[in-house]
Every structure is written in C-alpha cells, then in structure tokens.
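Written out below as structure tokens is the structure these notes cover.
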Amino acid sequence: VAVVASDPLERFEAFKRPPEPGANVREHLLSASSTGRWQHWEAAVDQFREDPLRGEGAGSYAAWWAQHGTSGGFVSEGHSLFLETLGELGVVGFALVTGLFAFTPVSGASRALRGADELRLSAGALTAAFAAYTAGAGIDWMWELTVVSVVGAAIVGLLVGPATLPHDSRRAQFPLAVRLAVPVLALLAIVPVALSLLAETSLRESQDEASRGRTDEAVSAAMRARSLEPWAAAPPLQLALVYE
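Numbering (our numbering), first residue to last: 6 to 249.
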C-alpha cells in the first residue's frame with residue numbers, strides 16, 4: 006500500500022531527470038533526482054554499443070562523455086563500476102568484474118548456511134558487508150576511494166579463502182611453489198600501477214607550477230611524466246598546454 010501510494014512511476018521519472026543547474030548541497034541531498042547519475046549511466050551504455058566486445062579502452066569514459074555527454078560539466082566517472090566497465094572494456098571486462106562480484110557473495114552465503122556454527126555469524130556478516138559494497142559500487146564511484154576498496158578486497162579474501170572455513174578443512178590446496186609465486190606476481194603487478202601514480206603526481210605538479218607562472222618547472226614536470234609513461238596521452242597534452 007505504501008509503495009502504491011508513493012506513485013513509484015512518478016518517482017522513477019523524477020529520479021531520471023537531470024539535476025537543476027546551480028543546486029546547493031542541501032538540494033542535492035534532498036532531491037528525488039539521481040543528480041545526473043542516470044545520464045552518466047546512459048552514456049556508459051551508449052559507449053558500450055559502439056564496441057560491445059572490447060570496449061573503447063580503460064579510462065576512455067571521460068573522453069566519451071566530453072564528446073557525447075547530455076549535460077554540461079566535466080565528468081570522468083560513469084558513477085557505476087559495472088556500467089563504466091561495460092562501456093570501457095566491453096563484454097569481456099564486464100564478465101570479469103561481475104564474475105568476481107557474483108562469486109564472492111555466493112561463496113559467503115554458502116559458508117554462512119553450511120559452515121560450522123562458530124563461523125556462520127562471521128560469514129553472514131561479511132557477506133552482508135560485501136553486498137553493501139557491491140550496491141555502492143553499482144550506483145556511484147565510491148569504490149575508487151582507496152580505504153573503501155581495501156575493505157572490500159579484504160572481505161573477498163576472507164570469504165573465498167580459508168579464514169571462514171572450519172579449522173579441520175584449512176589445508177593447503179596448492180603446492181608451496183604456487184602459493185609463493187602468487188604474491189610475487191602480485192608485487193610485480195604493482196610496478197605499472199606505481200609508474201602511473203608517479204606520472205600522475207608529476208602531471209599535477211606541472212599543472213600547479215603552470216598556474217603559478219613558473220613555466221620552466223612546469224615543462225620539467227611534464228617531461229618527467231612523459232618519461233615515466235611514454236605511451237600515455239596526458240603528458241604530451243600537458244606539455245602542449247604549457248607551451249601554449
């Protein structure tokens with residue numbers, strides 16, 4: 006009765022409306038609108054239609070929005086991990102990320118229902134927490150906040166690893182060499198991420214120096230970013246802006 010009385014169709018139409026320009030924080034929080042998320046989600050789906058299999062590449066949503074966005078303003082995120090991945094990485098990337106997010110709660114629910122009594126509460130609580138994380142990642146960019154996703158990744162490890170299994174079943178399932186190789190490979194995977202972080206830091210330094218009118222320092226920082234990531238487009242773009 007409450008749902009019918011609230012006129013859900015009208016509320017859904019209000020949710021899809023773009024935000025009013027110049028809305029303050031209170032209006033943003035109290036509005037029934039999606040505050041632009043619906044338009045961002047639609048753009049991600051439109052981007053997916055351009056190349057459904059492979060997508061247009063990681064991080065390409067910002068450029069897509071700049072060219073095809075339906076409302077003003079600079080937007081770099083699709084405000085949904087799943088839809089943004091669908092647009093940027095196509096079906097393959099979408100299947101990988103949704104596979105992880107689907108397998109984890111299934112594993113947690115199975116352990117909560119069939120596990121030992123002393124572990125059921127922990128498995129159930131962790132599964133509920135991961136469900137909340139999944140919902141948040143599906144409707145906003147909160148998953149990009151490091152402290153939030155560190156918690157999410159820890160929950161994944163607890164739900165699919167031995168921590169929520171009975172002690173008598175916590176036996177090694179892989180040889181020692183394999184178990185040692187996995188963290189080594191993970192550490193090696195950090196290297197390109199660290200290069201990207203250092204390059205981004207240099208780019209921001211270049212932008213700050215340029216805003217202060219210190220052109221030589223801005224050029225040096227942009228050149229440093231280009232040497233760290235010679236394949237990226239942002240460093241030469243920043244260099245061109247400084248020269249301009």
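All residues carry an ideal CB built from backbone N, CA and C; glycine is no exception.
Practice task
Let me know the secondary structure DSSP gives residue 214 once reduced to three states.
Solution key: helix
Problem - Validate contact between the stretch 69-87 and the stretch 132-148 using beta carbons, cut 8 Å, 3 pairs - result: yes
Exercise for the section: Check whether the stretch 210-219 touches the stretch 186-195, counting contact only when three or more Cβ pairs, one atom from each stretch, lie closer than 8 Å. Expected result: no
Practice task
Go to residue 240, then tell me how far its alpha helix (DSSP H) extends in each direction, as first and last residue.
Solution key: 239-248
Handout entry: 8 Å Cβ cutoff met for residue 230 and residue 247
Key = no
Exercise for the section: Let me know the alpha helix (DSSP H) ranges lying completely inside the stretch 77-129, each 4 residues or longer, listed in chain order. Expected result: Runs found: 86-119.
Practice task
Please state if the CB of residue 249 and the CB of residue 204 are separated by a distance shorter than 8 Å.
Solution key: No.
Handout entry: For residue 207 and residue 216, the rounded distance between their alpha carbons
Key = 14 Å
Practice task
Going by CA-CA distance only, name the one from 202, 120 and 157 that's closest to residue 135.
Solution key: Of 202, 120 and 157, the residue nearest in Cα terms is 157.
Practice task
Taking residue 151 as part of the alpha helix (DSSP H), name the residues at either end of that continuous run.
Solution key: 151-165
Practice task
Would you kindly work out how many angstroms separate the C-alpha atoms of residue 115 and residue 186, rounded to a whole number?
Solution key: 29 Å
Handout entry: Spatial distance of residue 80 from residue 149 (CA atoms)
Key = 15 Å
Handout entry: Other residues of its chain near residue 44: CB distance less than 8 Å, five sequence neighbours each side excluded
Key = 23, 74, 75 and 76
Exercise for the section: Would you mind stating whether residue 161 and residue 109 have Cβ atoms separated by less than 8 Å? Expected result: yes
Exercise for the section: Would you grab the beta carbon distance between residue 60 and residue 93 for me? Rounded to a whole angstrom, and I think it's under 8 Å. Expected result: 5 Å
Practice task
Apply the 10 Å Cβ neighbour rule to residue 91 and answer buried if 16 or more other Cβ atoms are within range, or exposed otherwise.
Solution key: buried
Practice task
With DSSP as the reference, label residue 135 as helix, strand or coil.
Solution key: helix
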